[in-house]
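Enquirer:
Chains as they are written, first to last, in this note's numbering: chain L, 1250 to 1884; chain Y, 4 to 244.
(1) Against chain Y, does residue 1630 of chain L count as a neighbour if the rule is that its beta carbon must be under 8 Å from one of theirs?
(2) Do you know how far the Cα of residue 1587 of chain L is from the Cα of residue 1552 of chain L?
(3) So what does residue 1560 of chain L bridge to, in DSSP terms?
(4) So, residue 152 of chain Y versus residue 24 of chain Y, is the Cβ gap smaller than 8 Å?
(5) Let me know the secondary structure DSSP gives residue 4 of chain Y once reduced to three states.
(6) Taking only beta-carbon positions, decide if residue 161 of chain Y is within less than 8 Å of chain L.
(7) Using CA atoms only, rank isn't needed, just tell me which of L:1404, L:1305, L:1352 and L:1419 is closest to residue 1333 of chain L.
(8) CA-CA distance, residue 1437 of chain L and residue 1317 of chain L?
(9) Nearest CA to the CA of residue 1503 of chain L: which residue from L:1546, L:1345 and L:1676?
(10) With distances taken Cα to Cα, identify the nearest neighbour of residue 1322 of chain L among L:1255, L:1450, L:1506 and L:1426.
(11) Do residue 112 of chain Y and residue 72 of chain Y come within 8 Å of each other at the CB atom, strictly closer than that value?
(12) Let me know the beta strand (DSSP E) ranges lying completely inside the segment 1744 to 1781 of chain L, each 3 residues or longer, listed in chain order.
(13) If we call anything under 8 Å between Cβ atoms a contact, is residue 1428 of chain L one with residue 1409 of chain L?
(14) Judging by CA-CA distance, which residue of L:1435, L:1419 and L:1412 is the nearest neighbour of residue 1425 of chain L?
(15) To the nearest angstrom, report how far apart residue 11 of chain Y and residue 1837 of chain L are at their CA atoms.
(16) Hey, how far is the Cα of residue 1510 of chain L from the Cα of residue 1272 of chain L?
(17) Under a Cβ-count criterion, where at least 16 other Cβ atoms within 10 Å of its own Cβ denotes burial, should residue 14 of chain Y be classed as buried or exposed?
(18) I believe residue 1644 of chain L touches residue 49 of chain Y by the beta-carbon criterion, under 8 Å. Please report the beta-carbon distance rounded to the nearest angstrom.
(19) Would you decide whether residue 171 of chain Y is buried or exposed? Buried here means 16 or more other CB atoms lie within 10 Å of its CB.
(20) Taking Cβ-Cβ distances shorter than 8 Å, what residues in chain Y pair up with residue 1588 of chain L?
(21) Over what stretch of residues does the alpha helix (DSSP H) that includes residue 89 of chain Y continue unbroken?
(22) Please report the residue range of the beta strand (DSSP E) in which residue 190 of chain Y lies.
(23) May I have the straight-line CA-CA distance separating residue 1768 of chain L from residue 1728 of chain L, to the nearest angstrom?
(24) Does DSSP classify residue 1466 of chain L as helix, strand or coil?
(25) How close, in whole Å, do the beta carbons of residue 1862 of chain L and residue 1801 of chain L come, if the pair is a contact with beta carbons under 8 Å?
(26) Rounded to whole angstroms, what is the Cα-Cα separation between residue 4 of chain Y and residue 228 of chain Y?
(27) Rounded to whole angstroms, how far is the Cβ of residue 131 of chain Y from the Cβ of residue 197 of chain Y, which I believe are closer than 8 Å?
(28) Output, in sequence order along the chain, the residues in the segment 1664 to 1685 of chain L whose CB is closer than 9 Å to any CB in chain A.
(29) So what does residue 211 of chain Y bridge to, in DSSP terms?
(30) If you draw a straight line from the alpha carbon of residue 110 of chain Y to that of residue 28 of chain Y, how long is it in whole angstroms?
(31) Given a threshold of 16 other Cβ atoms within 10 Å of its Cβ, counted over all protein chains shown, does residue 1259 of chain L qualify as buried or as exposed?
(32) Looking at the structure shown, is residue 233 of chain Y part of a helix, part of a strand, or coil, going by DSSP?
(33) Helix, strand or coil, according to DSSP, for residue 81 of chain Y in the structure here?
(34) So residue 1892 of chain L packs on residue 1842 of chain L, CB below 8 Å; how close in whole Å?
(35) How far does the beta strand (DSSP E) with residue 102 of chain Y in it reach, from first residue to last?
(36) Quick check on DSSP: helix, strand or coil for residue 72 of chain Y?
Printed below as a string of structure tokens:
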């Protein structure tokens, strides 16, 4: 909701600056951003009373002298004998209709109405709708204008008995479902989707001089969720969803008339009103309880003053809650009001000690298994549980984000295969992943906590393992050695349905992490991770380019010099260097070293000439070392 | 030195993998809270509406209960938990005060964009005892934030709204760039919630808080796009060894 700074200060004698007001609003809990001296508020959903200029001014009375009540139409209004059937009193207890006829439609706006359109750079629609929008902005109460000449009573408020197609005043056609709340005319045609949007057939236009103005209170449940369901943007619905004031209709209608009267002559005005008296909520004012909730010493008189400024009335030992504060119902709510007045940041901290005998959370064996996998080069991943795969035990999501993924996974295999393919497509040839997650199976009382382990490609980059591929033996060796206390069944996954160029075998296993899990692995899970020093460097999504070089070294002691020179070589394009082959031939007195260079640019797909330039530098550096040659290289 | 060692052989690279960065942050926070005296409890990700909403004073009319915000399961018989608070409800129903629980794990909301995901992680805590106050809550929050972000961190408390706490607050920290960043939500446990768990709210009061792990991980590590955590990209994960 946008409100210019100017509109606040016009009502505040001390004329606070924009920064001062901003601080006050944060103290009150009214989050906002400021742009071009206009506040843009994001209010909490319990504060429907603040979705208006007057509502926010009411809160600011904690700090400033503010008179909220504006000029209103004072004369007595004749009764309008409208034929109205309210068949939904449970959700609409208070409703008024104002029949109003004016002499002329003004060509220009004055006063607050004019400022509203200019300061917020709004587009005018027609005279009555413009005033209705302004009144909603100022008071927070939505009203709806019907062109009186297009509507015939009896008017009925009721829940639809069947689906109906309805054209909104914005021209869009929607199909309103059965049981939705609507206003119907004498022909039982829908004229208004109650509290949400009016109909085209009865809407006002620039020539409308005779209007029927509806002002109602709707229970939030009757409106909630409809704007999203029917894809309608409605300021009225936004306010009704967050609750409005049941008792302000007389003021709102008289304020409406005052604005009209300031612009043109009123020929006739009549009022139909159906309202139930709502007693104020009453809360026992227990200052000791408030002190105990906040943990601070409070001055009784000051606290009462804060609440009075916010519109609360003291009667005997109780507080009467103003009708617009639908969010207040108990002593904790009053404590929050007082805390807001003091300022949360001004409440002192008080030390305390939790001295409860707590049980430790025993994931010891699970943590050891995790540590074992990490030490073996596996990476932990986390996937969401949404799956396209249905089996008879799958839970179905009623409202999935993706209609093709409307089941909860019953194992971790598919998620891990997706992760594997994702990395294979990024030229990774060593993929070792694991995930620990709860999985859910229908007709089972408990969720299962499982670990899924997937592996494919080389065992490692080191020259001792580079040519060895992950196989059943590799996995079962280290897992069986751990004697996990349960059968470990490693399966080879067929590549038949997998969209990847890689031909490496894929192995998978899933183990339930229940109390029978054991591991001999000695290393503990780290007690505390170092989350302070790690800083992420944005990774590149561009493809890599790989070059291998094979070096011959005759003078054995220079092997270390070569290793140091190459591995410490730095260039922005050089992502990774490692030794993938090492062979020492004592008879031939020669060491052969194979080194892999992986290049990647952060900005574009790397070009051969860029790679060659860096490789030339590396080669030059290597060949400057005594007895180092690159067999087959022509310089 | 034994003769069998080849001193010219290149050093072998330590080819370790890594814990997921989100779990590193989650577990660090859980460890910290355990050191304050909180006990870790856990609960299911598929929850009833009763535990996920009703018991937490989230009324039927609350927007969070709408189909566009919550994942419903098996013809609306259950939900994917939208927060870890129902775990605390289960804990409070099992034990009498004084009690101090923390629960951490995955939660689900129907969002999917650059700043929101349908699945994310939370750590939530609750402490119920005699005379637990808002000033106690502030003390605890200062301890948590200073342990996570340093003792010089500037902290701001703002009034907010959560149906299960009253008063409620959101807490911001000042970034190096001088911008306030929202870091956690907290409050005094709403007496209705205590009563729902058969705890006499005249004798006991509680404090509660919840932290979004992804948000903290993004700040700690400097990750700008929340989705990066869940792509399982080895180049990404490799940076969190």
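Glycine included, C-beta positions come from ideal geometry on N, C-alpha and C.
Expert: Looking at the atomic coordinates:
(1) Taking 8 Å as the CB threshold, residue 1630 of chain L lines the interface with chain Y.
(2) Distance between the alpha carbons of residue 1552 of chain L and residue 1587 of chain L is about 6 Å.
(3) Residue 1560 of chain L is not bridged to any residue.
(4) Taking 8 Å as the Cβ cut-off, residue 152 of chain Y and residue 24 of chain Y do not qualify as a contacting pair.
(5) Confidence at residue 4 of chain Y is low in this model, with a pLDDT of 41, below 50, so its placement is unreliable and the value that follows should be read with caution. In the displayed model, residue 4 of chain Y falls within coil according to three-state DSSP, outside both helix and strand.
(6) Residue-level contact check: residue 161 of chain Y touches chain L, since one or more beta carbons of chain L fall below 8 Å from its beta carbon.
(7) The candidate whose alpha carbon is nearest that of residue 1333 of chain L is L:1404.
(8) So the alpha carbons of these two residues sit roughly 41 Å apart.
(9) If we check each option's Cα against that of residue 1503 of chain L, L:1345 comes out closest.
(10) For residue 1322 of chain L, the nearest C-alpha among the options comes from L:1506.
(11) Yes.
(12) The segment 1744 to 1781 of chain L contains these whole beta strand (DSSP E) runs: 1755 to 1761.
(13) Contact flag set, yes.
(14) Checking every option, the nearest Cα to that of residue 1425 of chain L belongs to L:1412.
(15) When rounded, the distance between both Cα atoms is 15 Å.
(16) Rounded to the nearest whole angstrom, the C-alpha separation of residue 1510 of chain L and residue 1272 of chain L is 38 Å.
(17) The residue in question, residue 14 of chain Y, is exposed, as its Cβ has fewer than 16 Cβ neighbours within 10 Å.
(18) With 8 Å as the limit, residue 1644 of chain L and residue 49 of chain Y qualify as a contact, their Cβ atoms being about 7 Å apart.
(19) By the 10 Å Cβ count, residue 171 of chain Y comes out buried.
(20) What residue 1588 of chain L touches in chain Y, judged by beta-carbon distance under 8 Å, is 137, 162 and 170, going in chain order.
(21) Start and end: 88 to 97.
(22) Here the beta strand (DSSP E) through residue 190 of chain Y covers 183 to 192.
(23) Taking the straight line from one Cα to the other gives about 9 Å.
(24) Coil at residue 1466 of chain L, not helix or strand.
(25) Contact flag wrong, Cβ pair sits at about 24 Å.
(26) Any reading at residue 4 of chain Y needs caution, since the residue's pLDDT is 41, under 50, leaving its predicted position unreliable; the model's value is listed next. In this model, residue 4 of chain Y and residue 228 of chain Y are separated by some 52 Å (Cα to Cα).
(27) That pair is a contact at about 7 Å.
(28) The structure shown has no chain A; the protein chains it does contain are L and Y.
(29) DSSP lists Y:129 and Y:190 as partners of residue 211 of chain Y.
(30) Each residue's Cα considered, the two are about 16 Å apart.
(31) Burial state of residue 1259 of chain L is exposed, judged by a 10 Å Cβ sphere holding fewer than 16 other Cβ atoms.
(32) In the structure shown, residue 233 of chain Y sits in a helix (DSSP, three-state: H, G or I).
(33) Judged by DSSP in its simplified three-state form, residue 81 of chain Y adopts strand.
(34) Outside the shown range of chain L, which is 1250 to 1884, sits residue 1892 of chain L, and nothing can be said about it.
(35) Counting along the chain, the beta strand (DSSP E) containing residue 102 of chain Y begins and ends at 102 to 111.
(36) DSSP places residue 72 of chain Y in coil when its eight states are reduced to three.
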